[in-house]
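Contents: one structure, followed by commentary.
Residue numbers (my numbering), protein chains in the order written: chain C, 43 to 652; chain D, 258 to 665.
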């Protein structure tokens, strides 16, 4: 695709959890829990309230279409603040300090008096119904020419367990939100900027690592399209795919608009109750939600509702997303019927009742009367937007890089002041006192310079989650090559094999490497020992499970035996016999003694005989 | 510059347009188009143009004339509120229309009229205001209110409810209600508390009570007898607890089903009457180890003094002399316990017996705050020491439970 011709502009918002001792507005630790460890559950309703602008925000209003009752899991590591049963503490100074450090690294200007705001979020992920957030600094620069508009310090939301149940352990963990200007014009550029900012963040050594601790929201629009925010992109490598698929979607929607207009397509006002047509249906979906089935005819939409607009997504999927806001499972449209147990006869009867011609598409939804009526109106609303082009939306990323509708883009009305938190002054002295941390790119260069590590590997180490482990290992006197190979290559290979070594503590890894360093454990044994450690075994047990180490004298005895049995072969082949005999020896000792030692002993033994 | 004016401000070399909100600690608080507020030095703010007057549009409120008439009396508690976008301050909503537009479901329970005798933070409440409030409630009932809802800040709500309880014999429910978490937040307890209070204000009840969350969940409200309730937590939704008694009713949410306790006083069980004189020259003090007896000298001109004593109702013997003097000079002294739970008994230990000999009245199982309010009321009714003693030890409005039942 020619992104320049399409007028692609994109910006990103990066959300990164901070690794502080306490949460942002309470004194709970910032640790995640297993839901089995919960010690309480609270149940609440949330409702939209009139904001200071005197209007209910359209995004919040959308969520209110379903009046929802939420459940929250509490832990001995959460408190009444997460429960929204106690006012917040002052803003965590450690979190503010980290945020200011990042701001300084990005050459941003701090706000002289930082105000905490309440951002309305009534999807249940915040017990209060709002997320506390504060704008800390503005106008910086990243990676040469990307403008950073703002950095905000905000509280992380509660983690969704199921549809209406949330876990409070994550709620309140400090999070920085970095927003760039819409200054990127290709999918690759978006990834590069995200990567650069990610490097800046990790350079502070004060951010959380691991899955879910950093999330990217991408804002994308093309000429004649609309600004769409795609939330929750967790992997950097997916960013170009997400951007290109969204461009594809917007291009498709614009083409659909032109086609619909040329066909004179129309969206009707009302809905039609067709429950009786499906009274003896075999369709499991319709039967399950049987109380009411509503239909509507989209004039001139035939073939378009079922048209793919990005991989795995059709215009019908978009309409279905809107309908789901009313609590229904989705919708059916005649572009895809008969299917799902709906028969040809039923489709014919439906078309007849709905007065649908060949050029028209009929949509149906099922649920309670209230749900079905609400859902069909929502679907019609989305169908109407197809005549306009691309709607401004907040969307969520789907696993492969496509996206689904979440809610309209929120307006400014969703913010009002958090009166329970006093403003914080940021002085020039505070900024001057911040020491800029060494960037990870500089760390990598230093590893090459000081430790003699190849630059590609050095970069790997510096950017890896195991950087602190590596540094501890070097400080403990472990050979850089051994530490780098183990912590980068070996762990990555194991992870490719599905072995999760994430839970192995640094101390254990370093202890293991020290034993390898001293020759007590063979380096060949490392992968197998790590497997055992990943399975939960303590270090001693893991080492034993791989087999007791082979002493050099044991090895000499073993090799003498093997060489004696093959004396003739060795005399014939001379040194060329080394390879084949080595293979035989290694079969016996693999993982129990260093291969280099085996080779040396064997070589000496062969030399004696020729 | 005034609130709402459009201004510009330069941050990091970039000029942004914003709305001026207010001054705070010598900084100009500006609202950016993103919705964020920031505080910047006034020297960096340039006035661009005057703001436009904005008014929130109120949807019209229609009340159903077939529903029972309920009176809402607001005293300053925020049962409904709105954030003033110009100042960021939370303002209370108190007219019937404002409350119903904030909590539309109320209109399905009753038709409402409202009055607002005053609007204060509940910590600024005074006995003279209790009297004004009692009169206001009396007027509403006389004017035909089927039930009365009093919105009140939670800090001193129990005092006010208790005071009204002594002053007023009511044939209809008089329900005090508030919220622990501000009404502007989507999670506020205000809506559920307000709806439950309206439900119980229409129910078969004839006494003064407080209706608040029964648990930290949005599942039911507990309705507490005014004289037995205490705020037992600074911030939790279920802060109000009946002490030494069971709630007189519960109201489930969201279905609003009222279940009355067997001991609840029914509608029309009492005839409407108001006895609204109170003696304000009364005090409540809490005894602590080593308390300087001279402290009691400050109370020589007081007509009544409630002591929250230790344990069964004790103070150190060092205070005994001053207590004797106070009683001799005509101060009524009532002993209650800082244990809150349990009954005063000054007949077990010597100190207690000395207190009785000095003329101190045992306050039975009355809560210290209730005993204070009751003493003010009793002293407002009579000057006869024997009558005062008798009234203080008699159960008038559920403040004394004659038997200490296990399990409460």
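From the three backbone atoms N, C-alpha and C, an ideal C-beta is built for every residue, glycine too. Just so we're clear, the structure is a prediction, and the values are computed from it rather than from any experiment.
| query | Are at least three pairs of beta-carbons, each pair with one atom in the stretch 170-184 of chain C and one in the stretch 508-528 of chain C, less than 8 angstroms apart? | reply | no
| In the DSSP assignment, what are the bridge partners of residue 285 of chain D? | D/280 and D/297
| said: For the beta strand (DSSP E) containing residue 85 of chain C, name the first residue and the last one. | reply: Here the beta strand (DSSP E) through residue 85 of chain C covers 82-87.
| Residues in the stretch 456-471 of chain C with C-beta within 7 angstroms of chain D's C-beta atoms, listed in sequence order? | 456, 457, 458, 459, 461 and 465
| Of the residues C/389, C/362 and C/275, which one's Cα is nearest the Cα of residue 319 of chain C? | C/389
| Beta-carbon contacts of residue 464 of chain D that lie in its chain and below 6 angstroms, excluding the five residues immediately before and after | 522
| request: Could you please give the first and the last residue of the uninterrupted alpha helix (DSSP H) stretch that includes residue 490 of chain D? | output: From DSSP, residue 490 of chain D is part of no alpha helix (DSSP H); its letter is neither H nor E.
| task | For the stretch 241-253 of chain C and the stretch 186-196 of chain C, state whether three or more C-beta atom pairs, one from each stretch, are separated by less than 8 angstroms. | result | Verdict: no, contact absent.
| task | Determine the chain D residues that contact residue 128 of chain C at a beta-carbon separation under 8 angstroms, and present them in chain order. | result | 491, 492 and 493
| said: If you measure between the beta carbons of residue 444 of chain C and residue 353 of chain C, is that distance less than 8 angstroms? | reply: yes
| task | Could you tell me whether the stretch 137-156 of chain C touches the stretch 111-119 of chain C, where touching means 3 or more Cβ pairs closer than 8 angstroms? | result | As far as the Cβ criterion goes, the stretch 137-156 of chain C does not touch the stretch 111-119 of chain C, which means the pair count is below three.
| query | How many angstroms separate the CA atom of residue 421 of chain D from the CA atom of residue 533 of chain D? | reply | 9 angstroms
| task | Can you tell me which of the three DSSP states residue 562 of chain C falls into? | result | In the structure shown, residue 562 of chain C sits in coil (DSSP, three-state: anything other than H, G, I, E or B).
| query | Excluding the five sequence neighbours on either side, which residues of its own chain have a C-beta within less than 6 angstroms of the C-beta of residue 647 of chain C, listed in chain order? | reply | 601 and 605
| task | Over the uninterrupted beta strand (DSSP E) stretch that includes residue 352 of chain C, give me the two end residues. | result | 350-352
| said: Taking the beta strand (DSSP E) that residue 259 of chain D belongs to, which residues open and close that run? | reply: It is not in any beta strand (DSSP E) - residue 259 of chain D carries neither H nor E in the DSSP assignment.
| Apart from the five residues just before and just after residue 460 of chain C, which ones in its own chain have a Cβ nearer than 7 angstroms to its Cβ? | 158, 159, 160 and 174
| query | Whose C-alpha, out of D/459, D/367 and D/407, is nearest the C-alpha of residue 432 of chain D? | reply | Nearest of D/459, D/367 and D/407 to residue 432 of chain D, Cα basis: D/407.
| query | Where are the beta strand (DSSP E) runs, 3 residues long or more, that stay fully inside the stretch 182-241 of chain C, in chain order? | reply | 188-197, 201-204, 207-209 and 216-222
| In terms of alpha-carbon separation, which member of D/417, D/453, D/391 and D/441 lies closest to residue 426 of chain D? | Cα-wise, what sits closest to residue 426 of chain D is D/391.
| query | Looking at the structure shown, is residue 96 of chain C part of a helix, part of a strand, or coil, going by DSSP? | reply | Reliability of the predicted coordinates at residue 96 of chain C is poor, the pLDDT of 47 falling under 50, and the value obtained from them is presented with this limitation in mind. In this structure, residue 96 of chain C counts as coil in the three-state DSSP scheme.
| message | If you follow the beta strand (DSSP E) that residue 627 of chain D is in, where does it begin and where does it stop? | response | Element bounds for residue 627 of chain D: not the beta strand (DSSP E) but the alpha helix (DSSP H), 625-638.
| request: Determine the closest residue to residue 642 of chain D out of D/618, D/286 and D/291, with distance taken between C-alpha atoms. | output: With respect to the C-alpha of residue 642 of chain D, the residue from D/618, D/286 and D/291 having the closest C-alpha is D/618.
| When the Cα of residue 171 of chain C is compared with those of D/333, D/441 and D/476, which residue comes out closest? | D/441
| task | Return the chain-ordered ranges of every alpha helix (DSSP H) run that is complete within the stretch 397-433 of chain C and spans a minimum of 4 residues. | result | 411-430
| query | What are the start and end residues of each continuous alpha helix (DSSP H) run of 4 or more residues lying completely inside the stretch 327-391 of chain C, in chain order? | reply | 357-366
| residue 480 of chain D beta carbon less than 8 angstroms from that of residue 457 of chain D | yes
| query | Going along the stretch 431-453 of chain D in order, which residues come within less than 7 angstroms of chain C, judged by CB to CB distance? | reply | 438, 441, 442, 443, 444 and 448
| said: Taking the alpha carbon of residue 78 of chain C as the reference point, which residue from C/574, C/274, C/266 and C/211 has its own alpha carbon closest? | reply: C/211
| field | Neighbour flag for residue 362 of chain D against chain C, beta carbons, 8 angstroms | value | no
| At what residues does the alpha helix (DSSP H) containing residue 145 of chain C begin and finish? | 135-147
| query | Quick one: Cα of residue 265 of chain D to Cα of residue 458 of chain C, how far? | reply | 20 angstroms
| said: Which residues of the stretch 468-489 of chain D have a Cβ closer than 8 angstroms to any Cβ of chain C? Give them in chain order. | reply: 473, 474, 475 and 476
| query | Using a C-beta to C-beta distance shorter than 8 angstroms, which residues of chain C count as neighbours of residue 277 of chain D? | reply | By Cβ distance, chain C contributes nothing, its closest Cβ being about 14 angstroms from residue 277 of chain D, past 8 angstroms.
| In terms of residue numbering, what span does the beta strand (DSSP E) encompassing residue 261 of chain C cover? | 256-263
| Cβ shell of residue 636 of chain D (< 6 angstroms), same chain only, five flanking positions each side left out | Taking residue 636 of chain D as the centre and dropping the five residues before and after it, the same chain places the C-beta of 536, 560 and 561 closer than 6 angstroms to its C-beta, in chain order.
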